[in-house]
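Mapping of the sequence shown onto my numbering: residues 1 to 271, in sequence order.
Just so it is clear, CB atoms sit at the ideal spot from N, CA and C, and this is done for glycine as well.
Because the structure is a prediction, the values reported are computed rather than measured.
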Amino acid sequence: MILADVHNHTLISHGEADVAQMYEAARARGLRWYGFSEHSPLPPGYACPLYHGDLAGDFPGYVEDVLRLTSAEFPRVLLGMELDWIPSRMPYMRELAARWSFDYVIGGLHFLGMLAVGSPKNWGRGESEEERYARFADYYREMTAMVRSGLMNIVAHPDFIKVRCWESFHAWLDRPGSLELIRETLLAMRDGGVALEVSSAGLRKEFAEPYPAPAIMRLAAELGVSISFGSDAHATADVAFGFDQLAAYARSFGYAHSVVFQARQPFNLPF
């Protein structure tokens, strides 16, 4: 049984429930650790049309709501944040990561330059397969830089870029050199003590595949990269979603422990 879910979102970004409601869902699922990882406020010039309101204004209240739960025991609560990696705004990211005493920071790679990789508006607009492949390669080069920044403890949904182009992404994985590029990213994670998120969010998509894909999981296991589990829940029904399937998936590659961070220090949990 997976004991910790470290990735979720609340009403202040594009979730459907508040901190207290998400916590009650985690308790009902029998989790022992629950990490809150709201999106970081975006810097000027960047926006997510899915966000409900003023994330920057609401974020301090989110932190207070989470901290009020840290005395609870079943499940234990961790304060986290999913930090959007925007390398042109390094001082902004560093200040955000240091502003509060986070137990962990998840690195979310949602942008390549100004291109939102999860937006349907940016795929199927006449780009060639080669142009898609170039995006995939840039994605992992950027992920390597993100890992090496030292800002993150966990890499979120490590092949999120497949969300709008699953078939193209898998075709790219089969091309010579693609897994070598991903290998560099995974080595940076291993050497930097950064965990790979194994996420059930992909199971809720039409392609019904966890993040990351089997080829990436296999390579991560061979290299000795640590993993963390997340549901990327945006509603109470998504908390610990598909965790039995996710545990079996991780075990099939030889994993028996996941990593959780408290005060930025890792510890292992069996599953």
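So is residue i buried or exposed if we call it buried at 16+ other beta carbons inside 10 Å?
i, result
"H257", "exposed"
"F59", "buried"
"A125", "The amino acid at residue 125 is misidentified as Ala; the sequence shows Arg. Exposed, since its Cβ has fewer than 16 Cβ neighbours within 10 Å."
"A247", "buried"
"M1", "exposed"
"M93", "buried"
"M152", "buried"
"S40", "buried"
"L50", "exposed"
"S168", "buried"
"E130", "exposed"
Which residues mark the beginning and the end of the alpha helix (DSSP H) in which residue i is found?
i, result
"D84", "Unbroken run through D84 is the beta strand (DSSP E), R76 to D84; no alpha helix (DSSP H)."
"W172", "W166 to L173"
"S178", "S178 to G192"
"P214", "P214 to L223"
Is the beta carbon of residue j closer than 7 Å to that of residue i?
i, j, result
"V77", "S228", "no"
"V147", "M189", "yes"
"H170", "Y211", "no"
"H52", "D84", "no"
"V225", "L179", "no"
"Y104", "F261", "yes"
"A220", "L181", "no"
"L203", "G230", "no"
"G75", "L42", "First, the amino acid is wrong: residue 75 is Pro here, not Gly. Not a contact, by the Cβ cut-off of 7 Å."
"R29", "A240", "yes"
"F136", "W100", "no"
"D232", "A201", "yes"
"N122", "L112", "no"
"A72", "W33", "no"
"S13", "L69", "no"
"A250", "V194", "no"
Once the 5 residues before and after residue i are set aside, which same chain residues still bring their CB inside 7 Å of it?
i, result
"S235", "Correcting the residue identity first, residue 235 is Ala in this sequence and not Ser. The residues are G15, E16 and A17."
"G80", "V6, G35, F36, S37, F102, D103, Y104, V105 and I106"
"R218", "F253"
"P120", "R164"
"P270", "A256 and H257"
Considering residue i, what are the terminal residues of the beta strand (DSSP E) in which it resides?
i, result
"P91", "Run containing P91: none in the beta strand (DSSP E); it sits in the alpha helix (DSSP H), M90 to R99."
"F261", "H257 to Q262"
"L196", "A195 to S199"
"Y34", "W33 to H39"
Got a sec? Which residues, its chain only, sit under 8 Å from residue i by beta carbon, not counting five neighbours each side?
i, result
"R141", "L181"
Return the chain-ordered list of same chain residues with a C-beta closer than 6 Å to the C-beta of residue i, the five sequence neighbours on each side being excluded.
i, result
"W166", "F207"
"P275", "Examination of residue 275 is not possible in this model, given that the chain is present from 1 through 271 alone."
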